[in-house]
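One structure below.
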Amino acid sequence: MLKTVYLDCFSGISGDMTLAALVHAGASREYIAEELLKLQTEPFTLHWRPVMKEGISSIKLEITTDDETAPSHHRHYSDIIQIIKASNFNERVTKDSLTMFAKLAEAEARIHNVPIEHVHFHEVGALDSIIDMIGVALALDSLGADLLIASPIPLGSGYIWCDHGLYPVPAPATLELLLDVPIVHSEVNAELTTPTGAAIVAGLADYFLTGLPSMIVEHIGYGAGTRDLPNRPNVLRAVVGRLSSHQSTTLGQSRQKRDAPSSHQEKSRHSDHHHHHHHGDHHHHSPNEHHTHKQEDAII
């Protein structure tokens with residue numbers, strides 16, 4: 003049975019909400035923190051704060067740096083690639099991290115009509131967004147997820163200030179990232195989905211389903227956002243479990259056959275496994291297995 007993470011984005015999705023929800027659902031915060039220390043960036047500290055959002059017990063992630071007065075760094079795409087590769091994460095985490103940032107860079111290149119190597123990130127270049135996205139890759143590795151499934155994505159409404167001025171929700175990068183991703187109308191007057199959140203689902207989600215798949219639920223986590231919304235808790239719900247045999251056959255059989263690893267790959271991956279896997283779960287991944295084929299026909 004495939005180990006599955008379902009992201010229920012009923013109140014939108016951002017990077018910090020996703021990482022907090024996955025930790026609340028059982029990803030090892032110790033493993034994530036230890037691995038993030040490899041990043042060659044300015045020093046930072048992760049704070050996991052229990053909060054209540056409209057009666058829902060959740061975790062709020064807050065990231066602080068040693069110098070709070072330091073301006074946000076505007077990093078080029080090439081800088082972020084170098085930061086990831088220099089960190090020597092395992093193969094899966096490296097691949098997933100690079101995939102998310104590649105999606106983001108491609109979107110920015112299309113918006114600004116520049117070559118991808120000339121892309122530099124504004125808000126997303128800030129340290130907390132780098133930590134959020136790489137942290138999500140580490141959390142999925144910690145959980146041993148074979149599949150990542152997300153609900154359709156609500157965007158919100160209204161206006162936001164970007165580096166380039168006033169824009170209607172969604173921000174240009176968010177909408178560009180969500181090409182070929184199912185979105186849903188929302189009249190909430192707020193930015194529910196951020197570019198970082200959009201990059202996570204655009205880069206890593208294998209399927210999009212309206213409602214939970216048929217599965218055995220093992221853990222549930224709630225990651226809190228920063229807003230207090232009038233008619234819903236501003237949380238992302240992460241549901242971790244194993245797909246039913248029928249659902250596994252429907253969604254996963256072709257993937258398993260297509261991505262069956264060689265014995266050499268299987269052996270090399272064992273050396274990458276860490277002590278952080280929970281509850282005796284042991285997972286096996288082909289280097290090409292995770293999050294490469296988005297299945298729009300799975301929308302129901």
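Residue numbers for the sequence shown follow my numbering, so the first one is 3 and each next one is one higher. Idealized CB from N, CA, C, for every residue including glycine. Values in this document were obtained by computation on a predicted structure and should not be read as measured data.
Can you give me the start and stop residues for the beta strand (DSSP E) that glutamate 44 sits inside? Neither: glutamate 44 is in no beta strand (DSSP E) and is coded neither H nor E.
Who are the near neighbours of asparagine 191 in its chain, counting only those whose CB is closer than 8 Å to its CB and skipping five residues on each side? Gly158, Ser159, Gly160
CA nearest to the CA of threonine 66, picked from Val53, Ile133, Val25, Ser59: Ile133
Bridge-paired residues (DSSP) for lysine 55: Ile58
In terms of residue numbering, what span does the alpha helix (DSSP H) encompassing methionine 135 cover? Under the DSSP assignment, methionine 135 falls in the alpha helix (DSSP H) whose first and last residues are 129-145.
Classification of phenylalanine 172 by the beta-carbon crowding that lies within 10 angstroms, buried from 16 upward: Here residue 172 turns out to be proline, not phenylalanine, going by the sequence shown. Result: buried.
Go to methionine 102, then tell me how far its beta strand (DSSP E) extends in each direction, as first and last residue. Careful: methionine 102 lies outside any beta strand (DSSP E), inside the alpha helix (DSSP H) at 93-114.
Reducing DSSP to helix, strand and coil, say where aspartate 10 ends up. strand
Just how far apart, CA to CA, sit alanine 88 and glycine 57? 42 Å
My understanding is that leucine 38 touches glycine 199, with C-beta atoms under 8 Å, so please give their C-beta distance in whole angstroms. Actually they do not touch by this definition, with Cβ atoms about 19 Å apart.
Span of the alpha helix (DSSP H), counted from its first residue to its last, around arginine 229: Looking at the DSSP string, arginine 229 is not in any alpha helix (DSSP H), and its letter there is neither H nor E.
Quick check on the burial criterion: 16 or more other C-beta atoms within 10 angstroms. Buried or exposed for alanine 262? Any reading at alanine 262 must be qualified, since the residue scores a pLDDT of 33, below 50, and its modelled position is unreliable; the value itself is stated next. Classification of alanine 262: exposed, given that the 10 Å Cβ count is below 16.
Assuming alanine 35 and glycine 223 form a contact by the criterion Cβ under 8 Å, report the distance between their Cβ atoms to the nearest whole angstrom. About 17 Å; that fails the 8 Å criterion.
What are the complete beta strand (DSSP E) segments, minimum 3 residues, inside the segment 202-250? 217-226, 237-245
Of the residues Leu180, Pro215, Ile85, Gly243, the one placed nearest leucine 253, counting alpha carbons only: It is Pro215.
Cut-off 7 Å between Cβ atoms - residues of its own chain near isoleucine 82, not counting five sequence neighbours on either side: Phe103, Ile132
Give me the Cα-Cα distance between valine 95 and alanine 139, rounded to the nearest whole angstrom. 5 Å
Give me the DSSP bridge partner(s) of glutamate 36. Per DSSP, none; premise fails for glutamate 36.
What is the DSSP secondary structure of valine 25, counted as helix, strand or coil? Valine 25 falls in the helix class under three-state DSSP.
Beta-carbon proximity list for leucine 142, same chain, < 6 Å, skipping 5 on both sides: none
Cross-strand partners of proline 172 (DSSP beta bridge): None; proline 172 has no bridge partner.
Should aspartate 18 and serine 153 be called a contact, given that it needs their Cβ atoms to be closer than 7 Å? no
Could you tell me whether the Cβ atoms of valine 241 and tyrosine 8 are closer together than 7 Å? Yes, the Cβ-Cβ distance between valine 241 and tyrosine 8 is below 7 Å.
Count the other C-beta atoms from every protein chain shown that fall within 10 angstroms of the C-beta of leucine 181, then say buried if there are 16 or more, exposed otherwise. By the 10 Å Cβ count, leucine 181 comes out exposed.
Using DSSP with H/G/I as helix, E/B as strand and the rest coil, what is histidine 355? Nothing can be reported for residue 355, as the shown portion of the chain is limited to 3 through 302.
Could you tell me the alpha carbon to alpha carbon distance between phenylalanine 46 and aspartate 68, rounded to whole angstroms? 6 Å
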